[in-house]
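For reference, the structure discussed in these notes is given below.
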């Protein structure tokens, strides 16, 4: 495998209410959220890291160049923030020809560990998956897409929270939004995504249904520590993750 990494870092962070700072540069215990994600990604020794920039892009670029200055890092602009699927599609013209698989991370999910990303890579390769994702179980899964597994324990569907009417509302295995995808089928299928939703955005989550409908191999690796996939959308969540991080460091 020649690994490429995409880090989604284009968002404004409307609920953070800081117009002068992109969300991914919000400090967490003295270091921007994005720095944690880049540091972890670099440990995987990727061929390339694509950082998707948008809102206040120059601040993100300047920070990364100053703190990392890595030849593996390339910046790709998402001029309109039209969703996660649209963001990943922007790297197609810039893709290094040697990359075989693409790991998608979020710049506002700082606690994901090298160990679990490495476990995802092993899982992906060992099972010959076209698309693999990380899942976890949480006590209160309200708002998250739920993982549905078949009798063999394999992922067969993801149900969004609002569509749970026909399912047991006690389902608590969630999609964490971290994906590892073979390049072979990726971009042609990204172009099949629809923005027929309330936000008029192209969601990467919808790629899973496209893959399953085509008979491509998709599965989820469930990790034990749900705190690793917590994202930052509000200052309350930032404070929670700050506390978790201090506990982890000891």
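Numbering (this note's numbering), first residue to last: 8 to 257.
Built from N, CA and C at the ideal position, the CB exists for glycine as well.
Fair warning: this is a prediction, and the values are worked out from it, not measured in the lab.
Beta strand (DSSP E) containing residue i: first to last residue?
i	result
residue 227	225 to 230
residue 82	80 to 84
May I ask which residues mark the beginning and end of the alpha helix (DSSP H) holding residue i?
i	result
residue 184	Here residue 184 belongs to no alpha helix (DSSP H); instead the beta strand (DSSP E) covers 180 to 189.
residue 67	64 to 74
residue 255	242 to 256
residue 220	213 to 220
residue 91	91 to 96
Tell me the DSSP bridge mates of residue i?
i	result
residue 14	58 and 112
residue 193	Bridge partners of residue 193: none, in fact.
residue 53	Per DSSP, none; premise fails for residue 53.
residue 35	38
Nearest by alpha-carbon distance to residue i: which of the options is it?
i	options	result
residue 196	127, 241, 206 and 220	220
residue 193	76, 224 and 128	224
residue 8	177, 16, 132 and 60	132
residue 19	75, 69, 114 and 100	114
residue 63	145, 230, 29 and 41	29
residue 66	38, 252 and 31	31
residue 14	203, 85 and 166	85
residue 52	106, 69 and 71	106
residue 213	73, 138 and 245	138
residue 179	76, 150 and 94	150
residue 229	147, 209, 250 and 186	186
residue 95	34, 58, 241 and 182	58
residue 61	112, 38, 77 and 90	90
residue 73	245, 39, 203 and 247	39
residue 226	233, 244 and 216	216
When the cut-off is 7 Å and only beta carbons count, does residue i lie next to chain D?
i	result
residue 49	Of the protein chains in this structure there is only one, and it is not chain D.
### Continuous beta strand (DSSP E) assignments of at least 3 residues falling wholly in the region 99 to 176
Listed in chain order, they are 108 to 113, 138 to 144, 153 to 156 and 162 to 166.
### Query
For the region 47 to 66 against the region 117 to 131, are there 3 or more C-beta pairs whose distance is under 8 Å?
Yes, since at least three Cβ pairs between the region 47 to 66 and the region 117 to 131 fall closer than 8 Å, the two stretches touch.
### Query
Touch check for the region 149 to 157 and the region 96 to 103: three-plus C-beta pairs under 8 Å?
The answer is no - the region 96 to 103 does not touch the region 149 to 157, with fewer than three Cβ pairs under 8 Å.
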